[in-house]
Structure formats: structure tokens, C-alpha cells
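Going by this note's numbering, the first residue of the sequence shown is number 23, and it counts up by one from there. Glycine included, each C-beta is placed from N, C-alpha and C at the ideal position.
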Amino acid sequence: MSNTALFGDKTIIEERQGEAMEMEGPVASNGKKLFLESYGCQMNFSDSEIVASVLIREGYTTTKNEDEADVVLLNTCSIRENAEQRVRNRLTEFKKRKENKPSLVVGVLGCMAERLKTNLLEEEKLVDLVAGPDAYRDLPNLITEVEGGQKAVNVLLSREETYADISPVRLDQNGVTAFISIMRGCDNMCSFCVVPFTRGRERSRDPHTIVEEAQELFDKGYREVTLLGQNVDSYRWNLTKKGEIENPEKPTVNFAQLLEMVALVDPELRIRFSTSHPKDMTDEVLMTMAKYKNICEYIHLPVQSGSTRVLEKMNRGYSREWYIDRIDAIRKYMPNCAISTDIITGFCTETDEDHQDTLSLMDYVQYEYAYMFKYSERPKTLAERKYEDDVPEEAKQKRLLEVIDKQQAHSLMRNEQAVGKVYEVLIEGTSKRSDDQLFGRNSQNAVIIFPKGDLQKGQYVNVRVVSCTAATLLGEVVVD
Ligand code: SAM
Ligand code: SF4
């Protein structure tokens with residue numbers, strides 16, 4: 023069984039597994055077609071929109087048909103070993119394709135590019151081009167190098183790059199919801215995690231460019247933005263890590279203030295954000311959320327483990343008690359706030375007792391959703407260097423299944439609690455189940471399906487939940 027997420031109306035795998043992305047063609051075409059496939063987290067999908075923007079400016083059109091591609095780029099994920107394996111398999115397919123079409127340019131972007139650098143190019147000979155997450159502006163040059171018969175690499179990590187001036191093209195979006203990257207990189211050193219090595223140092227984006235992007239999206243008809251960062255609570259503009267002002271001439275902005283600035287774009291624009299870090303989530307953020315109706319009552323607060331001993335080994339910077347205090351604070355300011363989490367089972371030295379601590383924490387919080395993973399040792403991380411990956415595979419698996427079972431029970435219970443309640447839903451599109459039904463999400467991020475009537479995506483509508491399963495809420499429109 024793979025790592026599993028219980029989310030909305032279906033069970034999904036959290037690392038999205040290779041989705042081709044497409045949009046309308048450029049103003050002046052260079053006749054070349056780009057096939058761009060993305061893996062992994064929301065951040066990667068958001069980055070792919072920057073990549074597409076950079077190449078569309080150069081005259082490329084995007085295609086979902088790999089047969090007609092001149093350039094194939096895979097935006098990759100390194101977070102767990104199986105994520106990398108999927109990309110390797112895909113690259114092997116493209117290598118075969120190149121035998122029949124030698125002019126095809128195949129490149130790897132993102133975390134695997136950064137982690138493996140020239141390996142994929144020189145040793146495994148799987149690709150022509152390797153570009154790390156901070157090198158996307160350089161892609162046109164790198165592709166030209168490859169077309170000139172060279173192999174091309176740029177894996178330099180930057181302390182400044184935020185792509186703030188690049189207006190991302192919205193790939194495969196529903197025209198209602200969009201992502202906005204507010205920061206890049208991560209300075210936390212969770213001992214299991216490869217992200218600080220693949221995405222570099224943390225840096226925040228100019229808040230004014232974030233507000234402008236939100237305004238532009240709203241003007242185009244979008245009604246929800248999700249602010250993205252590995253640790254949004256440490257967003258800071260003109261502030262040092264200690265919260266001191268860097269340049270007294272300039273205004274300072276922390277995450278709570280940024281939330282407020284975006285919330286003020288328009289009351290009809292919903293705001294979500296991901297990911298919060300328990301060690302940094304402040305009451306100021308919670309108070310700002312409670313103050314603005316258009317900031318959704320939903321927090322993704324990854325716990326990873328319910329055992330303080332394991333959390334210390336993970337270098338997460340908080341204890342079980344601290345985490346519980348943050349949960350209590352959320353409930354105090356927003357009693358109806360939905361909470362989801364990430365859990366890793368079988369981290370180094372985890373005992374059955376530690377695992378029981380995770381299960382009891384889940385019982386305390388009763389999460390709406392959870393993304394659940396078996397620990398996967400990653401090269402160069404602190405855990406790989408310092409600890410033995412000593413929990414047997416069967417124990418990791420058994421614990422994962424227990425965590426999934428518990429989450430399923432909690433998700434069902436949460437959904438049952440929603441039956442009979444009326445929620446404001448932002449309509450995102452036609453349900454996959456039937457053309458006669460629409461789907462949308464409430465503020466708490468639960469997906470609700472209901473009859474179409476005369477309604478359209480992008481509208482807000484009040485829906486009463488009439489029935490549910492562990493994964494789905496079904497509703498009827500409430501007419502005032
Ligand atoms: N920055 C976010 C945070 O701190 O919670 C999450 C970043 S990571 C892309 C998403 C999730 O992947 C983590 O919360 C963790 O549960 C999981 N993860 C990261 N490294 C892992 C590993 N080596 N093995 C298993 N799961 C891992
Ligand atoms: Fe990885 Fe921790 Fe940074 Fe999240 S906060 S990206 S888990 S190092």
C-alpha cells in the first residue's frame with residue numbers, strides 16, 4: 023500500500039503523480055511544443071506555471087500530447103523514494119522515445135534535478151537538461167545549449183530568487199481557484215526532510231507583488247487563492263528572523279499582516295494558505311483569520327508524530343504539549359475551524375509506545391483530513407547521517423494502516439457532524455460523478471456535491487448537507 027491521504031470526496035495520493043499541463047498558445051509562436059509534467063506538492067505545480075510562463079514568452083506552446091512535443095520537461099519531487107522512482111521510470115520511457123526522435127529535448131526540473139545534479143545526465147544518461155528550482159529563468163538558454171549539441175545544467179540555488187515579477191500562466195486551472203507562491207525554500211532542518219537541500223534557503227516575496235497577483239486573479243474571475251510556502255508562518259518582509267526591522271525606511275510585513283492585505287483585496291475573494299508550522303503559528307495569525315470571513319477556516323498543521331521523543335529526533339522544534347496548545351488556540355479563536363495534518367509512521371527508533379502517542383493525539387484532535395506516510399530515508403538528511411532506519415518495514419506498514427483506519431473513522435465522524443448544516447460553497451465545476459451535479463468547497467475545505475440547477479462555477483451558494491460517506495458530502499441548494 024502506498025502513502026495515503028484522505029481528502030475531500032476521494033482518497034488520493036499526496037504526491038501528485040505526473041500530470042501534464044497545458045494552456046493557450048503564445049502571442050508569437052516559435053513553432054515548438056512543450057510537454058510539461060509535474061509531480062509532488064502544490065509548490066511544484068505552482069512552479070510549473072512559472073516555467074510555462076518563461077517558455078511561453080519565448081514562443082513555445084504547451085501540449086498535453088507527448089507525441090507532438092519538441093521539449094519534454096518533468097518537474098520532479100524527491101520527498102520520498104517512491105516519488106523519485108516514478109520519475110525515473112518515466113524518463114526511461116522518454117529515452118526510448120528519443121531513439122526515434124533524436125531532436126527531442128528531455129529535461130528534469132525541481133527537487134530531483136537539485137538532488138541528483140549531473141547524475142541523471144552523465145551517469146544514467148537519462149536526460150539532456152537539468153534545472154534546479156531557482157534556475158527557471160535560464161531555461162530558454164539551457165534548451166538552446168541542448169539544441170546546439172551540448173548537455174545543459176543549472177542547479178545554482180539562490181538567496182534572492184522569488185520569481186516575483188513573473189506572472190504565472192494558470193495551467194489547467196478551473197478559472198476559480200489559483201495558487202500564489204509567497205516564499206521559497208526552507209530554513210528548518212527537520213531531520214527526515216530533503217527540502218532544505220533541494221529548494222535552498224528560505225526567502226519571502228515582496229508583499230505588494232502578492233497583493234497585485236491576487237487582485238489580477240480576482241479581476242479575471244478567480245474567487246479563491248491559496249498562499250503557498252513550506253512554512254508560511256515564517257513569512258517576513260523587511261524583518262529579521264528575530265522579528266527585528268532590517269531597513270527602518272521600509273514597511274515590515276509578517277504573515278498575519280500579509281493575510282490581512284490579501285483579505286482586503288475583495289471580500290468575495292477567499293484566502294487559503296499552506297503549510298503552517300506548529301512551532302511558528304502565532305495567535306496573531308489566528309486572530310486575523312477569525313477577523314476576516316473570506317479567510318477560510320481551515321489549517322493544515324502537520325504534526326508528524328504524537329511522541330515528544332520522536333519529535334525531538336525529527337528536529338521539529340515543538341513537543342506534543344506545544345502542538346496541543348496550538349490546537350487549543352485554533353479552537354479558541356475559531357471553534358469551527360477544520361484541521362488537517364501530515365503523519366509519518368516508523369521514523370527512526372519509533373516504538374509501539376510512540377506510535378500509541380500518535381494515535382492518542384489523533385483522538386484528541388480528530389482531524390478532518392490527514393496525509394499519512396511511511397518513513398522513507400532520504401540521502402544527506404540529518405536522519406540519514408545520524409540515525410539508523412531501524413523500524414522494520416512490516417511495523418512501518420502496520421502502523422501506517424492503523425493511522426489510516428483511525429483517520430477514516432474521524433473523517434466519517436466529521437462528515438456525519440456536517441449533515442443537516444448549511445455551508446457557503448464556492449462552486450468549482452461539474453462533479454466527476456455526473457454532469458447534472460456541481461462540486462465546490464466550504465470554508466472548511468470539505469468538498470460538497472449538489473444538483474446543478476441554473477448555477478455556475480465561480481458562484482457562491484448556500485448548500486445544506488443531506489448525507490455523507492467518509493469521503494463525500496452530498497447536499498441540496500438552500501433557496502433564501
Ligand atoms: N513544509 C511542510 C511541513 O513542515 O509540514 C511539509 C513539507 S513536505 C513536502 C510534506 C510532508 O511530507 C511532510 O509534512 C512529511 O509528513 C512528509 N515527508 C517529508 N519527508 C519525508 C520522508 N523522508 N519520509 C516520509 N514522509 C516524509
Ligand atoms: Fe521539510 Fe521541515 Fe522544511 Fe517542512 S519545515 S519543508 S518538513 S524541513
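Query raised in the report: Do Thr-304 and Asp-379 have their C-beta atoms closer together than 9 Å?
Result: no
Query raised in the report: Is the closest heavy atom of ligand 1 to the C-beta of Phe-472 under 8 Å?
Result: no
Query raised in the report: Just curious, the beta strand (DSSP E) that Val-425 is in, first and last residue?
Result: Taken as a continuous stretch (DSSP letters only), Val-425 belongs to no beta strand (DSSP E), being part of the alpha helix (DSSP H) at 415–440.
Query raised in the report: Using the C-alpha atoms, what's the distance from Leu-178 back to Arg-110?
Result: 22 Å
Report task. State yes or no: is the C-beta of Val-216 within less than 9 Å of the C-beta of Thr-403? Result -> yes
Query raised in the report: When the Cα of Glu-88 is compared with those of Gln-64, Phe-67, Asn-176, Lys-123, which residue comes out closest?
Result: Lys-123
Query raised in the report: Using the rule of at least 16 other Cβ atoms within 10 Å of the residue's Cβ for burial, across every protein chain shown, is Lys-408 buried or exposed?
Result: exposed
Query raised in the report: Exposed or buried, what is Asn-269 when buried is set at 16 or more other beta-carbons lying within 10 Å of its beta-carbon?
Result: By the neighbour-count rule (16 or more Cβ atoms within 10 Å), Asn-269 is not buried but exposed.
Query raised in the report: Excluding five sequence neighbours on each side, which residues of the same chain lie with their C-beta closer than 6 Å to the C-beta of His-299?
Result: Asn-253, Asp-255
**Report entry** the region 371–387 / the region 185–205 touching (three or more Cβ pairs under 8 Å)
**Finding:** no
Query raised in the report: So, helix, strand or coil for Pro-190, using DSSP?
Result: coil
Query raised in the report: For Ser-60, which residues does DSSP report across the bridge?
Result: Glu-41, Asn-97
Query - Within 9 Å, strictly: CB atoms of Ala-351 and Glu-319 - result: Between Ala-351 and Glu-319, the gap from beta carbon to beta carbon reaches 9 Å or more.
Query raised in the report: Going by beta carbon distance, what residues of the same chain come within less than 6 Å of His-377, once the five residues before and after it are set aside?
Result: Arg-421
Report task. Would you mind sorting Lys-507 into buried or exposed? The rule is 16 or more other CB atoms within 10 Å of its CB. Result -> No information on residue 507 is available, as it lies outside the stretch 23 to 502 that the chain covers here.
**Report entry** Contacting residues, own chain, Cβ-Cβ under 6 Å from Ala-42 (five flanking each side not counted)
**Finding:** Glu-59, Lys-86
Query raised in the report: CB of Asp-364 to nearest heavy atom of ligand 1: below 8 Å?
Result: yes
Query raised in the report: Quick check: the region 273–293 against the region 328–347, are there 3 or more CB pairs under 8 Å?
Result: no
Report task. State buried or exposed for Lys-428, treating a residue as buried only when at least 16 other CB atoms are found within 10 Å of its CB. Result -> Buried is the call here.
Query raised in the report: The alpha helix (DSSP H) with His-230 in it runs from where to where?
Result: 229–241
**Report entry** Every unbroken beta strand (DSSP E) within the region 71–128, with a cutoff of 3 residues, ordered by chain
**Finding:** 93–98
Query - Residues bridged to Ile-267 [DSSP beta-bridge criterion] - result: Leu-261
Requested in this report: Mark Ala-50 as exposed unless 16 or more other C-beta atoms lie within 10 angstroms of its C-beta, in which case mark it buried.
Outcome: exposed
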